[in-house]
Amino acid sequence: MHSVIQAVGLVLDPQVLLTVVLASLFGLFVGAVPGLTATMATALLVPITFFMDPLPAVAAIVACTAMAITAGDIPGCLLRIPGTPASAAYTDETFAMTKRGLGAQALGASLVSSVIGGIVGTVVLILAAPALARIALQFSSFEYFWLALIGLSCAAFVSSDDPVRGFVSLLIGLFIASVGMDGVSGTPRFTLGVTELLGGISFIPAMIGMFAVSEILNSLVRGTARERFAATQKVTGIFRGILGLVRHYWRNVARGSVTGTLIGVLPGAGGDIAAWISYATAKRFSKTPEKFGNGHPEGVIEAGAANNGGLSGAWVPALVFGIPGDAVTAIAVGVLFMKGLNPGPRLFEAQAEMLYAVFIIFLIANLLLLPFGWAAIRLASRILTVPRPQLMAIILLFCVVGSFAINNTVFDIGLMLGFGILAFLLSLAGFPVAPIILGIVLGPLLEQNFLTSMVIAGGDITGFFERPVAAALGVAAILIWAVPLGLAGLRLLRGGARAAKPAENNS
1 MHSVIQAVGL
11 VLDPQVLLTV
21 VLASLFGLFV
31 GAVPGLTATM
41 ATALLVPITF
51 FMDPLPAVAA
61 IVACTAMAIT
71 AGDIPGCLLR
81 IPGTPASAAY
91 TDETFAMTKR
101 GLGAQALGAS
111 LVSSVIGGIV
121 GTVVLILAAP
131 ALARIALQFS
141 SFEYFWLALI
151 GLSCAAFVSS
161 DDPVRGFVSL
171 LIGLFIASVG
181 MDGVSGTPRF
191 TLGVTELLGG
201 ISFIPAMIGM
211 FAVSEILNSL
221 VRGTARERFA
231 ATQKVTGIFR
241 GILGLVRHYW
251 RNVARGSVTG
261 TLIGVLPGAG
271 GDIAAWISYA
281 TAKRFSKTPE
291 KFGNGHPEGV
301 IEAGAANNGG
311 LSGAWVPALV
321 FGIPGDAVTA
331 IAVGVLFMKG
341 LNPGPRLFEA
351 QAEMLYAVFI
361 IFLIANLLLL
371 PFGWAAIRLA
381 SRILTVPRPQ
391 LMAIILLFCV
401 VGSFAINNTV
411 FDIGLMLGFG
421 ILAFLLSLAG
431 FPVAPIILGI
441 VLGPLLEQNF
451 LTSMVIAGGD
461 ITGFFERPVA
471 AALGVAAILI
481 WAVPLGLAGL
491 RLLRGGARAA
501 KPAENNS
């Protein structure tokens, strides 16, 4: 208890509180700009942390990341440009809500569920960090392979209206993810002799192009590029009716928070995968799955909770063992070492007050999401009053800036435009974009862990089932993929049998 009281005193220091506020504002700005990810925001803060005391340095990273992840929902909802990769899972859903005049509800539901998910993740971080970290360390490449395969099954759920087209889109995404140097042999694949492709296709330009540029092309083709948004689409009353909505979908909030936290605990998994799995799970167990994709808040609430839950969960292995849960915590671990706060079991004993102070900052950062997020949404929503021609030009400018900022190369701008045209043509043919993004996100994780596992097992496929957890995940993955295919086959056979009976009777 003495350590907790000391921690409160450390957090109430004016320098710490001012750092949290300024880092939060910076995170909101970076997260809301398409292409500027939470990882980039954290990396930009590192040089500034050199001149800070240990606690303000860590506080800046925690507050900035929490804000950036949530702010990524704003451009996704208003303009169909995901601000962060985690937002891509439900960008189409929130944008559909905006077109229906429910933009305020979409952003309000996402904001509140993110706050709840972040708080749940922080509570888990406080109460169960050592135990969860020990479990996460038991995961090898075999378990990660099956986890990635289960994640890919989300493609079937997010495109259940036409699973065949969804599967084809997923294969396109996996193909895109395979471009570049082979992870084991170092052999170039599908690079066409282009040096810039040796490192693979950057995810951010591909994501921006497939969502934003394709939407611009769609507007031009439909002839809506010169129209204004309807007056009913003004984003006001962000929190109106949100408590009732969250109460109605409390199971989704709870499931998303827990799912996000548990996936975040696994090193290398992160909130991006958690958001996709949570959105697909919401659709799979929804009583009204036919409403998904047409502007339904259920999946937005669950995936939003998973986003910030995964963010808190990623700090579990980082603090307990110094093993980063994602790219952000990898930077944070470096800052911790730089400030003499060596992560590990001894941190819980030697500097308990500092650790509790970090936990309190997690709670403060998530609570600050409500007023800061509200202000950011109100300011950003003014963009809907801009005439469409100017708005399209602004969107394209953001696309170019976001794509260029990743690697500072014009080549990425070309990639962004190419993927925008590809997504536009695929949408005309009825192929969904979301599974392509999912394939690009999970493709490297799937391939890397498959190849590593095959090397460990000496090429023996049964090695994927030798470990108990791997076997359980493997059986689950096989059932998830096999059962829908089996049911579809039975329906085809029954349909063929019914068609054959009238033909026999006529003969």
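For reference, each letter of the sequence shown is one residue, going 1 to 507 in UniProt numbering. Yeah, the Cβ is synthetic: ideal placement off N, Cα and C, and Gly gets one too. On a predicted model such as this, the values are computed, not experimentally measured, just so you know.
Discussion item. On the CB-based measure, 16 or more other CB atoms within 10 Å of its CB, does residue 214 come out buried or exposed?
Written reply: Burial call: buried.
Item to complete: Starting from the C-beta of residue 423, find all residues in its chain whose C-beta is less than 6 Å away, skip the five residues before and the five after it, and write them out in chain order.
Response: So the list reads 210, 214, 433, once near-sequence residues are dropped.
Worksheet entry | Bridge partners - residue 188, DSSP secondary structure assignment | DSSP output for residue 188 lists 181 as bridge partner(s).
Discussion item. Taking only three categories from DSSP, how would you classify residue 340?
Written reply: Correct three-state label for residue 340: coil.
Discussion item. Can you confirm whether the region 237 to 254 touches the region 452 to 472 when touching is taken to mean that 3 or more C-beta pairs between the two stretches lie within less than 8 Å?
Written reply: Three or more Cβ pairs closer than 8 Å define a contact, and the region 452 to 472 falls short of that threshold against the region 237 to 254.
Worksheet item: Taking residue 258 as the reference, which of 143, 120, 90 has the closest Cα?
Response: Selected option, being the one with the closest Cα: 120.
Worksheet item: Taking buried to mean at least 16 other C-beta atoms within 10 Å of its own C-beta, is residue 549 buried or exposed?
Response: Coverage of the chain is limited to positions 1 through 507, which leaves residue 549 absent and any answer about it impossible.
Worksheet item: Beta carbon of residue 401: closer than 7 Å to some heavy atom of the ligand ADP?
Response: Absence of the ligand ADP is noted for the structure shown, with no ligands found whatsoever.
Fill in: When 100, 354, 126, 260 are compared against residue 281, the one with the closest alpha-carbon
The option with the nearest alpha carbon to residue 281 is 260.
Item to complete: Round the Cβ separation of residue 356 and residue 7 to the nearest angstrom and send it over; I've been treating them as touching at under 8 Å.
Response: Taking a contact as a CB-CB distance under 8 Å, the pair residue 356 and residue 7 counts as one, their CB atoms being some 4 Å apart.
Item to complete: Could you check the C-alpha separation between residue 392 and residue 216 for me, to the nearest Å?
Response: In a straight line, the C-alpha of residue 392 is about 7 Å away from that of residue 216.
Item to complete: Mind reading off the beta-carbon distance from residue 11 to residue 361? Whole number of angstroms is fine, and I expect it under 8 Å.
Response: Yes, residue 11 and residue 361 are in contact; Cβ-Cβ is about 6 Å, under 8 Å.
Worksheet item: Is the region 140 to 149 close to the region 444 to 459, with three or more CB pairs under 8 Å?
Response: Touching, yes, given that three or more Cβ pairs across the two stretches are closer than 8 Å.
Discussion item. Here's a check: name, in chain order, each residue in its chain whose Cβ is nearer than 6 Å to the Cβ of residue 232, leaving out the five neighbours to either side.
Written reply: Because the pLDDT of residue 232 is 39, which lies under 50, any placement of that residue in the model is unreliable, and the number read from its coordinates should be weighed accordingly. Answer for residue 232: 101, listed in chain order.
Practice prompt. Compute the beta-carbon to beta-carbon distance between residue 335 and residue 49, rounded to the nearest angstrom, for a pair I have assumed lies under 8 Å.
Written response: Confirmed, about 5 Å.
Worksheet entry | residue 148 (DSSP reduced to helix, strand or coil) | Residue 148 falls in the helix class under three-state DSSP.
Worksheet item: Which runs of the alpha helix (DSSP H), 4 residues or longer, sit entirely within the region 358 to 425?
Response: Fully enclosed alpha helix (DSSP H) runs of no fewer than 4 residues occupy 388 to 407 of the region 358 to 425, in order along the chain.
Practice prompt. Rounded to whole angstroms, what's the CA-CA distance from residue 188 to residue 86? Just pull it up for me.
Written response: Approximately 29 Å, taken between the alpha carbons.
Worksheet item: Which residue from 125, 301, 437 puts its Cα closest to that of residue 81?
Response: Comparing Cα positions, the closest option is 437.
Worksheet item: Shortest alpha-carbon distance to residue 310 belongs to which of 286, 294, 276, 297?
Response: When only C-alpha atoms are compared, the closest one is 276.
Item to complete: Using the Cα positions of residue 294 and residue 99, report the straight-line distance between them to the nearest angstrom.
Response: Going from the Cα of residue 294 to the Cα of residue 99 covers about 10 Å.
Discussion item. Check for me: the alpha helix (DSSP H) holding residue 351 runs from which residue to which?
Written reply: It is not in any alpha helix (DSSP H) - residue 351 carries neither H nor E in the DSSP assignment.
Discussion item. Taking the beta carbon of residue 415 as the centre, do at least 16 other beta carbons fall within 10 Å, making it buried, or is it exposed?
Written reply: Only buried fits residue 415, as 16 or more other CB atoms lie within 10 angstroms of its CB.
Worksheet item: Can you tell me whether DSSP reads residue 296 as helix, strand or coil?
Response: Residue 296: coil per DSSP, three-state reduction.
Worksheet item: By DSSP, does residue 239 sit in helix, in strand, or in coil?
Response: Three-state result, residue 239: coil.
Worksheet item: From what residue to what residue does the alpha helix (DSSP H) around residue 79 run?
Response: Note, residue 79: alpha helix (DSSP H), 73 to 79.
Worksheet item: If you draw a straight line from the alpha carbon of residue 493 to that of residue 143, how long is it in whole angstroms?
Response: Counting only the Cα atoms, residue 143 lies some 35 Å from residue 493.
Worksheet item: Taking Cβ positions, are residue 318 and residue 278 nearer each other than 8 Å?
Response: Cβ atoms of residue 318 and residue 278: not closer than 8 Å.
Item to complete: Note down the Cα distance separating residue 139 from residue 396, rounded to an integer number of angstroms.
Response: A straight line joining the alpha-carbon of residue 139 with that of residue 396 spans about 42 Å.
Worksheet item: Pairing CB atoms from the region 399 to 417 with CB atoms from the region 195 to 205, are three or more of them under 8 Å?
Response: Using a C-beta cut-off of 8 Å, the region 399 to 417 makes contact with the region 195 to 205, since at least three inter-stretch Cβ pairs fall below that distance.
Worksheet item: Do the region 397 to 411 and the region 162 to 176 touch if we need at least three Cβ pairs shorter than 8 Å?
Response: The region 397 to 411 is not in contact with the region 162 to 176.
Worksheet item: Is it right to say residue 84 is buried, meaning 16 or more other beta carbons lie within 10 angstroms of its own, or is it exposed?
Response: It is buried - the Cβ of residue 84 has at least 16 other Cβ atoms within 10 Å.
Worksheet item: How many angstroms separate the CA atom of residue 95 from the CA atom of residue 409?
Response: Rounded to the nearest angstrom, the gap between the Cα atoms of residue 95 and residue 409 is 29 Å.
Worksheet entry | Short Cβ contact (8 Å threshold) for residue 244 with residue 302 | Contact: no.
Discussion item. Could you tell me the alpha carbon to alpha carbon distance between residue 478 and residue 439, rounded to whole angstroms?
Written reply: Annotation: residue 478 to residue 439 spans about 18 Å, alpha carbon to alpha carbon.
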